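First the structure, in the form of structure tokens, and then the observations on it.
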Amino acid sequence: MFELFPEKEYPNINSAFRKLHANLMFRSERAMVSISGGADSDVMLDMIQALNPAKNYPFAEIHFVWFDTGIEYTATKQHLKDLEEKYGITIERKRAKTPVPLGCKTWGQPFISKQISQYISRLQAHGFQWEDEPFEVLYDRYPNCKAALRWWCNAFGVGSMVNIERCRLLKEFMVENPPQFPISDGCCKGAKKDVANDYMKELKATINMVGIRKAEGGARATAYNSCFSEPSKKGEAAKFRPLFYFTDQDKEFYCQRRGVVHSDLYEKYGFKRTGCACCPFGSRFEQELQAAEQLDSGLAAAAKNIFGAAYEYTRAYREFKAKREAERKAQGQTSLF
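Per the numbering used here, numbering through the sequence shown is continuous, rising by one, with the last residue being 338.
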């Protein structure tokens, strides 16, 4: 396989294969490989199978697993079947401990991003009134949610990626339009993280492989500094991200060279990323809703029911930004005369 991707021409791909080989050789006594049905996951699976585990790592016990969040596209489920047929493998299906619909009802709906939803959830839990006041004043008033207040007050330091100011005009919008519904990222934890952790314990997994790339951005990618994480305590699994250093160009070339075909969500409907169907964390949720109407009309209706308040709040925020931007431009033009 290394000859297909010479180190000099394709250093990231070549290096990824070498690291994957080492981890399959020395750490895969019981390997858990998370299959999402997304594009990065497709590449990771193809890389593993390209190394012919049955022949080259006969001692490795590889478990491919997909976690059903409770709001999944039919196309994703079909793609899993296609992958099983193509590679001659079995992908275990595990249902969420708390499916997304119940998670949203229990904890709140997702808004913009996981990190932002976490901070808003903490503020809501302390009865925050969305005041625009200095950190010291608010911390005295709400002493038990320091980190969330630092986010709200841009108190993580000048230029910090964590400050609310990184999301343009969000604070101004929320001061004028406080959320009237609970916001949380708890749906992710209940639908994916909890069941994944339980499955790792059940397997007594020695390593967990996931298709995360640094270049994709987002909270998942920025949470790590490298492709590998040692277990934090005895009994835990190491975590390996084979594609971590792949660029978009690397991934595109790999798929062309190896003939990797993604699900219809990508191939027919132009999705850039997939996850829980029509999740408000996705900036393109409006396009997803339109596609879902064609693909799974029942799923689109369910998404609107589950995430309805988050959709409306996000739309209001986008309209707020657009209006402010139009006003700014109008003022700039007026000042020329």
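Using N, Cα and C, we set each Cβ at its ideal position, and we do this for glycine too.
These figures come from a predicted structure and were not determined experimentally.
For Phe241, the three-state secondary structure derived from DSSP is strand. Nearest to Gly38 by alpha-carbon distance, out of Glu326, Lys56, Pro183, Cys277, is Cys277.
Under the three-state reduction of DSSP output, Ala23 falls in the helix class. The segment 112-171 is shown to contain no whole beta strand (DSSP E) run of 3 or more residues. Secondary structure at Ile92: strand, using DSSP grouped into helix, strand and coil. Ser118 and Asp186 do touch by the CB rule: their CB atoms are close to 4 Å apart, below 8 Å. The Cβ atoms of Val44 and Cys256 sit closer than 9 Å to each other. Going by DSSP, Asp69 is part of no alpha helix (DSSP H) but of the beta strand (DSSP E) stretching over 63-69.
If only complete runs of 3 or more residues are kept, the segment 40-64 shows no beta strand (DSSP E) anywhere. Rounded to the nearest whole angstrom, the CA to CA distance from Ser29 to Phe157 is 40 Å. In the displayed model, Ser298 falls within a helix according to three-state DSSP. In the DSSP assignment, Met33 is bridged to His64, Asn209. The alpha carbon of Arg151 has as its nearest neighbour, out of Cys168, Asp141, Phe136, the alpha carbon of Phe136.
Burial check for Ser42: the Cβ neighbour count within 10 Å reaches 16 or more, so the residue is buried. Ranked by how close their Cα comes to the Cα of Asn155, the residues Asp141, Arg142, Lys172, Cys146 have Lys172 in first place. Taking a 10 Å sphere around the C-beta of Asp251, we find 16 or more other C-beta atoms and assign the residue as buried.
Nearest in C-alpha terms to Ala51, of all of Val261, Gln79, Glu320, is Val261.
Counting other Cβ atoms within 10 Å of its Cβ, Gly104 reaches 16 or more and is therefore classed as buried. With contacts defined by Cβ atoms closer than 9 Å, Phe308 and Phe272 do not form a contacting pair.
The residue from Gly89, Gln181, Lys95 with its alpha-carbon nearest to that of Trp131 is Gln181.
Fewer than three beta-carbon pairs drawn from the segment 108-122 and the segment 77-86 are found closer than 8 Å, and the two stretches are therefore not classed as touching.
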